[in-house]
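For reference, the structure discussed in these notes is given below.
Numbering (the numbering used here), first residue to last: 763 to 1229.
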């Protein structure tokens, strides 16, 4: 059963402070049409530029994930995106009147609560998942980062963090399905080590920092004077170190809350792949930079597989439009230079031709006889002859015309063609034929393998009429 896309019923707003900028910001989630995906709109910037939530738009991962497009940026998008993925919302336009999403309590729970309160609307279009079909690995040896996406008909996460900290130790977190996000992950807050907090404060990098929106892990000896200084900075009466090794401003919501928050970050960062995933994601020591690099690797595979889907795989045994004899009534070529055996499909804008490559061809006597390969130049010739059928099909008496090829561009040979292969060539018009000039995009395939691509330009030339 197909799952339908969904959006929210009506606009929902939340307000808070940006963690790094310290600026007050209001963020409004708006319903969006089918196949819209996640987009941010900077309503405080002239022209209200829109920024697509896409890994290719990531410009910074140093202290959260920042995306930029059309001259505008939005920082710390990961918690917002995690909430949308966790609630399985497909389409939403997020208005923002500042450069950074509000940090709220350092988790995603307030976004989840606001969105849930507003309600959801099922849309007509089906949700299109990308199913992980084989293991996808990513590693960073220097940081001991390891990630793998494995096939699974669900969205499952397993995360391990290890910071060589006596306080944190090695922590694990997992969810077996995305439906567990709201209960198990959404409320888990961001964390930092005390030495990081001091550095950020020193360089004025967390102007919106507050001890209500982060777990501070005490990873060094700290005296009363330093605690008093921190209390003054954060407007607190008193700060101590709790038995768990964290500042006593808050209590942990889960014993492994830091690991759960890293899992939350991963879900949000991988939302930037741009399509809901089906698979099991396992990660050791993830971080924003690694998450984004991993996401780009997954997106590249999606793009590659989608481009393949546009290439129809033809049955070489299907009934041809033209057989070899009929082709010779149109093309002037003859053995050994007739390179097309069948025409499988022919319309006003495209043609599909077939070439059987056999060891009996004369060329193999001289072209690597001990390791025979069908030459790339002859692949182009076979593609050109296939395209010639398309072009000559536009004139009333094709036998009285020939096609002269004027240009070959962007030719790429992607795989070997050997005796026994059947190459199927498809040529599509790039533009309408004008003044007898045709421009075509050609591709040659052996089964599902693309072996050659090229762009061709040909001219129709009339020959003498046959007596």
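Just so it is clear, CB atoms sit at the ideal spot from N, CA and C, and this is done for glycine as well. Predicted model, so just to flag it, every value in this text is computed and none were measured.
Cβ-based burial, residue i [other Cβ within 10 Å; buried from 16]
i: residue 1085; result: exposed
i: residue 1028; result: buried
i: residue 1073; result: exposed
i: residue 1113; result: buried
i: residue 1224; result: exposed
i: residue 775; result: exposed
i: residue 802; result: buried
i: residue 777; result: exposed
i: residue 1056; result: buried
i: residue 1042; result: buried
i: residue 1191; result: buried
i: residue 1099; result: exposed
i: residue 1202; result: buried
i: residue 833; result: exposed
i: residue 857; result: buried
i: residue 970; result: Any reading at residue 970 must be qualified, since the residue scores a pLDDT of 48, below 50, and its modelled position is unreliable; the value itself is stated next. With 16 or more other Cβ atoms within 10 Å, it is buried.
Under the three-state DSSP convention, the category residue i falls into
i: residue 803; result: strand
i: residue 769; result: strand
i: residue 970; result: At residue 970, the pLDDT of 48 sits below 50, so the modelled position is not reliable; the number obtained from the coordinates is stated separately. Residue state, collapsed to three classes: coil.
i: residue 1162; result: helix
i: residue 855; result: strand
i: residue 873; result: helix
i: residue 878; result: helix
i: residue 1184; result: strand
i: residue 890; result: coil
i: residue 823; result: coil
i: residue 1126; result: helix
i: residue 764; result: coil
i: residue 1096; result: coil
i: residue 1228; result: With a pLDDT of only 45 at residue 1228, under the threshold of 50, the placement of this residue in the model should not be trusted; the figure read from the coordinates follows. Residue 1228: coil per DSSP, three-state reduction.
i: residue 883; result: strand
i: residue 1196; result: strand
i: residue 1178; result: coil
i: residue 797; result: coil
i: residue 918; result: strand
i: residue 1054; result: helix
i: residue 865; result: coil
i: residue 1013; result: coil
i: residue 1246; result: Residue coverage of the chain in this structure runs from 763 to 1229, which leaves residue 1246 outside it and unanswerable.
i: residue 1037; result: coil
CB of residue i within 7 angstroms of CB of residue j, strictly
i: residue 1154; j: residue 1163; result: yes
i: residue 1093; j: residue 1103; result: no
i: residue 1037; j: residue 892; result: yes
i: residue 1119; j: residue 1181; result: yes
i: residue 859; j: residue 806; result: yes
i: residue 1054; j: residue 817; result: yes
i: residue 902; j: residue 1046; result: no
i: residue 1298; j: residue 790; result: Past the boundaries of the shown model lies residue 1298; the chain is included only from 763 to 1229, so the question cannot be answered.
i: residue 794; j: residue 877; result: no
i: residue 1219; j: residue 1186; result: no
i: residue 1222; j: residue 1198; result: yes
i: residue 726; j: residue 1035; result: This structure leaves residue 726 out entirely; the chain is present only between 763 and 1229.
i: residue 923; j: residue 844; result: no
i: residue 1136; j: residue 1179; result: yes
i: residue 953; j: residue 977; result: yes
i: residue 1214; j: residue 1141; result: yes
i: residue 1026; j: residue 870; result: yes
i: residue 840; j: residue 1030; result: yes
i: residue 872; j: residue 838; result: no
Residues bridged to residue i [DSSP beta-bridge criterion]
i: residue 924; result: 932
i: residue 909; result: 900, 1045
i: residue 778; result: 787
i: residue 1112; result: 1190
i: residue 835; result: 830
i: residue 987; result: Residue 987 is not bridged to any residue.
Residue range of the unbroken alpha helix (DSSP H) whose run includes residue i
i: residue 1080; result: Element bounds for residue 1080: n/a, residue is neither H nor E.
i: residue 1147; result: 1138-1154
i: residue 1223; result: Segment 1211-1224 is the beta strand (DSSP E) holding residue 1223; no alpha helix (DSSP H) there.
i: residue 1088; result: 1086-1090
i: residue 1157; result: No alpha helix (DSSP H) contains residue 1157, which DSSP labels as neither H nor E.
i: residue 812; result: Segment 812-814 is the beta strand (DSSP E) holding residue 812; no alpha helix (DSSP H) there.
i: residue 945; result: 943-946
i: residue 847; result: 840-848
Extent of the continuous beta strand (DSSP E) run through residue i
i: residue 1027; result: Here residue 1027 belongs to no beta strand (DSSP E); instead the alpha helix (DSSP H) covers 1019-1032.
i: residue 1106; result: 1104-1108
i: residue 1203; result: 1199-1208
i: residue 954; result: 953-955
The ligand SAH heavy atom lying under 6 angstroms from the CB of residue i
i: residue 1104; result: Ligands displayed in this structure: none; no statement on the ligand SAH is therefore possible.
Within-7 angstroms CB hit, residue i to chain D
i: residue 930; result: The structure shown contains no chain D, having only a single protein chain.
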